[in-house]
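Report on one structure; see the data block that follows.
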Amino acid sequence: MALDSQLLEILACPEDKGPLLYFADEDSLYNPRLKRRYVVRDDIPIMLVDEAETVSDAEHARLLAKAEADGIRPTFEA
Numbered sequence: 042m043a044l045d046s047q048l049l050e051i052l053a054c055p056e057d058k059g060p061l062l063y064f065a066d067e068d069s070l071y072n073p074r075l076k077r078r079y080v081v082r083d084d085i086p087i088m089l090v091d092e093a094e095t096v097s098d099a100e101h102a103r104l105l106a107k108a109e110a111d112g113i114r115p116t117f118e119a
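The numbering used here puts the last residue of the sequence shown at 119; the count rises by one with no breaks.
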């Protein structure tokens, strides 16, 4: 089940307060500015900086390419 669209419109990175990319098929929200991924468990985004995963440069490139190919837009316009 995907996150509610109204929730997505207000979700922001807890560290830099910027928009995120939502990858429903990977159960994650991604901040490309900080290269930080937040997991979504049981349809609940875990938006804790301490639990976020910093991704490698290769994973960052993969996520950006996937967002571009799949038409994934940021959760809001900054």
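Ideal placement from N, C-alpha and C gives every residue a C-beta, glycine not left out.
Under the rule that 16 or more other beta-carbon atoms within 10 Å means buried, what is residue i, buried or exposed?
i	result
Arg74	exposed
Val96	buried
Leu62	buried
Leu70	buried
Leu49	buried
One question on the structure: do residue i and residue j come within less than 8 angstroms of each other, judged by their Cβ atoms?
i	j	result
Leu44	Asp83	no
Ala108	Pro60	no
Pro115	Met88	no
Can you tell which of the options has its C-alpha closest to the C-alpha of residue i?
i	options	result
Glu92	Ala99, Lys107, Val81	Val81
Asp98	Ala110, Lys76, Val90, Asp57	Lys76
With which residues is residue i paired in a DSSP beta bridge?
i	result
Glu94	Arg78
May I ask which residues mark the beginning and end of the alpha helix (DSSP H) holding residue i?
i	result
Leu44	Run containing Leu44: none; DSSP gives neither H nor E here.
Where do the ends of the beta strand (DSSP E) carrying residue i lie?
i	result
Leu70	69-72
Leu62	62-64
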